[in-house]
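Have a look at the structure below, then the notes.
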Ligand SMILES: [Zn+2]
């Protein structure tokens, strides 16, 4: 019996039934809270493992999966951009069917702009088109940098990336899309003839707005992104990873408020001030934890204390620290699902006016 189920056993039968209905209606879209798990799912093997795990996750109370696919799909529009052991259409369809059967919303993610390499490995876009990089020809073997970025002002990048997004949205019949955008350190570099001399916040905002036009305006679905580059580290002392010390944070006032901010924090803190900061700006916030149980509990408890319907739930990241088969026993995930089953928000958050920007 799961923690959540145990919590329900103390409630009268009628409440049990009604609660189950609220989580398990045929349409999982826009059901709050969003009890989510983020999975790096860039191979066919991982996709099959996740498909097998869906039922157990649903039993635990998970109702949303963010699947970070990136180049790991057998794209038809640009087969040269597939990464090794890419997921087949059949595998994605089987995962989708299993999610629907278990009332889980499946949100694809494609890391945009940053994270175009990891250690010595450069990902397919900048292998196939090195000229799309923000620092082409610099940093051989990726030495001296964290991750490569593509240039968001290169006119040929977005049409290709949007083709890939379109395929994922179509095959998964997605009603939301996560564009990543965390930890971008190579931005508006002097080595880029298009970006040199431009403001980093303005460049960051332009990229966000370009993706928003495609995802929200064209596809009419929701857009999610990580929040770290929108948090000013000089105002909220998180350091330069989970907040921005590289002048991107002012972009927060230049982007639509209907974007859902995935506000990740993996360390134990007494307060996570970015959660109320994003809420006050009018965004819906999806706080995200990782491995350390005490840190996850602290973030979940702090988020719930905000008592704000725009705080939409909790997202548990995994980053390979827990095997997909063992997800149902992942302590931070068990805590989040049980915490929200004890304290369900009384109303659903309203979607903010699209395109309304802070003066
Ligand atoms: Zn550039």
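Numbering (my numbering), first residue to last: 352 to 710. Built from N, CA and C at the ideal position, the CB exists for glycine as well.
- In this structure, the beta-carbon distance from residue 460 to residue 419 falls below 8 Å.
- Taking C-beta separations shorter than 7 Å and ignoring five residues to either side along the sequence, the partners of residue 541 in its chain run 547, following chain order.
- Residue 613 carries a strand assignment under DSSP once its states are collapsed to helix, strand and coil.
- Remark: the C-beta of residue 545 is in contact range of ligand 1, defined as less than 7 Å to any heavy atom.
- For residue 485, the CB falls within less than 7 Å of some heavy atom of ligand 1.
- Within 7 Å of the C-beta of residue 443 there is not a single heavy atom belonging to ligand 1.
- Counted as a single uninterrupted DSSP element, the beta strand (DSSP E) harbouring residue 667 occupies residues 664 to 668.
- If you compare the alpha carbons of 625, 555, 560 and 622 with that of residue 597, the shortest gap goes to 555.
- Residue 545 counts as exposed, since fewer than 16 other beta carbons sit within 10 angstroms of its beta carbon.
- A Cβ-Cβ separation of about 7 Å places residue 655 in contact with residue 690 under the 8 Å criterion.
- Relative to ligand 1, the nearest heavy atom lies less than 7 Å away from the CB of residue 502.
- Beyond the five residues adjoining it in sequence on each side, residue 599 comes within less than 6 Å, by CB distance, of 551, 552, 555 and 580 in the same chain, given in chain order.
- Taken atom to atom, the span from the alpha-carbon of residue 403 to that of residue 539 is near 43 Å.
- Relative to residue 536, the option among 650, 524 and 468 whose CA is nearest is 468.
- Below 8 Å, enough C-beta pairs join the stretch 429 to 443 and the stretch 389 to 404 to call them touching: three or more.
- Judged by DSSP in its simplified three-state form, residue 673 adopts coil rather than helix or strand.
- Segment contact: the stretch 641 to 648 against the stretch 621 to 631, fewer than three CB-CB distances shorter than 8 Å; contact not assigned.
- Every alpha helix (DSSP H) stretch that sits fully inside the stretch 421 to 495 and reaches 4 residues is listed by chain position as 440 to 452 and 475 to 479.
- Annotated three-state conformation of residue 520 is helix, per DSSP.
- For residue 595, the beta-bridge partners assigned by DSSP are 583.
- Secondary structure at residue 530: coil, using DSSP grouped into helix, strand and coil.
- Per DSSP, residue 387 is one residue of the beta strand (DSSP E) stretching across 385 to 391.
- When secondary structure is reduced to three states using DSSP, residue 635 falls in the strand class.
- Here residue 407 has 679 as same chain residues with Cβ atoms under 6 Å from its own Cβ, once five neighbours each way along the sequence are excluded.
- Taking C-alpha positions only, residue 479 is separated from residue 491 by approximately 16 Å.
- Each of 617, 683, 471 and 413 was checked against the Cα of residue 498, and the nearest Cα belongs to 471.
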